[in-house]
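Here the structure is laid out as structure tokens; the discussion comes afterwards.
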Amino acid sequence: MQATDLRLFKAAALPTAALGLVAIVVSLIVSGVPGMLGSLIGLALVMVFFAVGLVGVAYASRISPTVMMATAMGTFLAKIAILIIVLKSAEGVTAWSPRAFSLTVILGTIAWTIGEARAFMKLRILYVDPEPSGAAGKRAEDERV
Numbered sequence: 001m002q003a004t005d006l007r008l009f010k011a012a013a014l015p016t017a018a019l020g021l022v023a024i025v026v027s028l029i030v031s032g033v034p035g036m037l038g039s040l041i042g043l044a045l046v047m048v049f050f051a052v053g054l055v056g057v058a059y060a061s062r063i064s065p066t067v068m069m070a071t072a073m074g075t076f077l078a079k080i081a082i083l084i085i086v087l088k089s090a091e092g093v094t095a096w097s098p099r100a101f102s103l104t105v106i107l108g109t110i111a112w113t114i115g116e117a118r119a120f121m122k123l124r125i126l127y128v129d130p131e132p133s134g135a136a137g138k139r140a141e142d143e144r145v
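One point on numbering: in the UniProt record's numbering, the residue at position 58 of the sequence shown is 58, and numbering is uninterrupted.
Laid out in structure tokens, this is it:
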């Protein structure tokens, strides 16, 4: 991971973890231990899903933009499939609160997305090449002359 990727991860993970801890405490107070477990599982799911996606895309971005996009789409598809499997397998579970789980997942997703968006704006990470490089750059220079 590059330094900007690590800063991006921290900017998204820290507010998500803080919000998740608040959700765990509130769920414990409102719903008892099942609520706490639901929020804990929801927070873990959000943190793992987004961290894996960010690490995968960060690694793939060093290879090429095409591989990076394929990795982003592949991790998204895998996360959706895993989420469906988790939700289907937990349909009749009474050990934890589904309401606390779902609210924590929703709030955690919003917190991660806002943290990541703020980091992108703050870090001013370029998503395009400011100057053409390689053969395309040579052709562009030749056309200007």
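Glycine is no exception: its CB is placed at the ideal position from the N, C-alpha and C atoms.
- For arginine 7, the enclosing alpha helix (DSSP H) starts and ends at 3 to 31.
- Serine 39 carries a helical assignment under DSSP once its states are collapsed to helix, strand and coil.
- Inter-segment contact for the region 78 to 86 and the region 18 to 27 is absent: fewer than three beta-carbon pairs are separated by less than 8 Å.
- Here glycine 108 is buried, its C-beta having at least 16 other C-beta atoms within 10 Å.
- Annotation: the region 61 to 120 contains the following complete segments of the alpha helix (DSSP H) (minimum length 4 residues), in chain order: 65 to 89.
- Just so you know, the alpha carbons of alanine 78 and leucine 28 end up roughly 31 Å apart.
- Beyond the five residues adjoining it in sequence on each side, alanine 11 comes within less than 6 Å, by CB distance, of Gly115 and Ala119 in the same chain, given in chain order.
- Shown here for tryptophan 112: same chain residues with a beta carbon closer than 7 Å to its own, the five before and five after excluded, namely Ala12, Thr16, Val46 and Phe50 in chain order.
- By the beta-carbon neighbour count (other beta carbons within 10 angstroms, threshold 16), glycine 92 is exposed.
- Around the beta carbon of isoleucine 41, 16 or more other beta carbons sit within 10 angstroms, so the residue counts as buried.
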